[in-house]
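Counting with my numbering, you get residues 11 to 218 for the letters of the sequence shown.
Glycine included, C-beta positions come from ideal geometry on N, C-alpha and C.
Here the structure is a predicted model, which is why all the values come from computation and not from measurement.
Each remark here refers to the structure printed beneath this line.
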Amino acid sequence: MKLCIFISLLISYLLWSTACQHPDLVTPFEPNPIDTTQLTCEDTIEVNFPGAMEHGYLESVKTCRIWKASGQANNLNIAPNHLFVSGATYYPYIELDGDTIYLSAEAIVFTIPRKTGRFPIINLSGFHKDTAKCSYSLLDNDVFLANWQTDGTFPENEVEVTELDLINKRVKGNFSVHLIIDATSANFEAYQPRFHFFDGAFDVEILD
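Have a look at this one:
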């Protein structure tokens, strides 16, 4: 339910703009250092916990690191010919009493046609026939820190829907997308300007 509410908030934001324990605990997000000249790609790319994955998963290479997220697909009236496939990751936070809670760290949302096939990912407002959209956000639980949109200069931005089962409520596919930071994000210079999710796959339940 919390993920559904979060995805609804994320989709509203995008339209407006065009728990298990783990021994390796980390602190909440801080922006990457501005001077990254001495850092490797692996040093600068965050990978968080994928969550329970109760409704499916998304997996990919996030620029240079293996990445996995809890996933689901949603039907929304604002786009009756598309599905919203979303993935979310989490970071652990130690409370004052010593308990560990997991807070939202990032989210990625694909808007895909409700049919099988290969579809280009475009960066245009609205929902267009036989095309997909993608947006990625860095979060501090329920606060948007920065947002990235599809970089349309790369022709390999694409979603392939390989299986769509509307009876059993399941959709599967593959994806590759280049993302560039939204310069309207506050303090956007402090964050990674670009991400590339490639060799991606999703297998998620469709929730009404």
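By the DSSP assignment, the alpha helix (DSSP H) with residue i in it spans what residues?
i          : result
residue 52 : 51-54
Taking only the alpha-carbon atoms, compute the straight-line gap between residue i and residue j and give it to the nearest angstrom.
i           : j           : result
residue 114 : residue 128 : 30 Å
residue 167 : residue 185 : 8 Å
residue 131 : residue 108 : 44 Å
residue 147 : residue 76  : 18 Å
residue 49  : residue 88  : 43 Å
residue 56  : residue 144 : 19 Å
residue 214 : residue 96  : 9 Å
residue 172 : residue 59  : 26 Å
Along the beta strand (DSSP E) that carries residue i, what are the first and last residues, could you check?
i           : result
residue 135 : Neither: residue 135 is in no beta strand (DSSP E) and is coded neither H nor E.
residue 141 : No beta strand (DSSP E) contains residue 141, which DSSP labels as neither H nor E.
residue 78  : 75-84
residue 125 : Residue 125 -> no beta strand (DSSP E), and no H or E assigned at all.
From the options, pick the residue whose C-alpha is nearest to that of residue i; which is it?
i           : options               : result
residue 160 : 187, 141 and 138      : 187
residue 98  : 61, 218, 107 and 134  : 61
residue 73  : 163, 203 and 213      : 203
residue 176 : 103, 102 and 218      : 218
residue 183 : 71, 170, 125 and 138  : 170
residue 67  : 139, 119, 178 and 125 : 119
For residue i, which of helix, strand or coil comes out of DSSP?
i           : result
residue 173 : strand
residue 200 : helix
residue 212 : strand
residue 152 : coil
residue 118 : strand
residue 69  : strand
Closer than 7 Å, CB to CB, is residue i near chain B or not?
i          : result
residue 53 : Checking the listed chains, one finds no chain B in this structure; it contains a single protein chain.
Quiz item: Which runs of the beta strand (DSSP E) spanning at least 3 residues fall entirely within the region 90-115, listed in chain order?
Solution: 92-104
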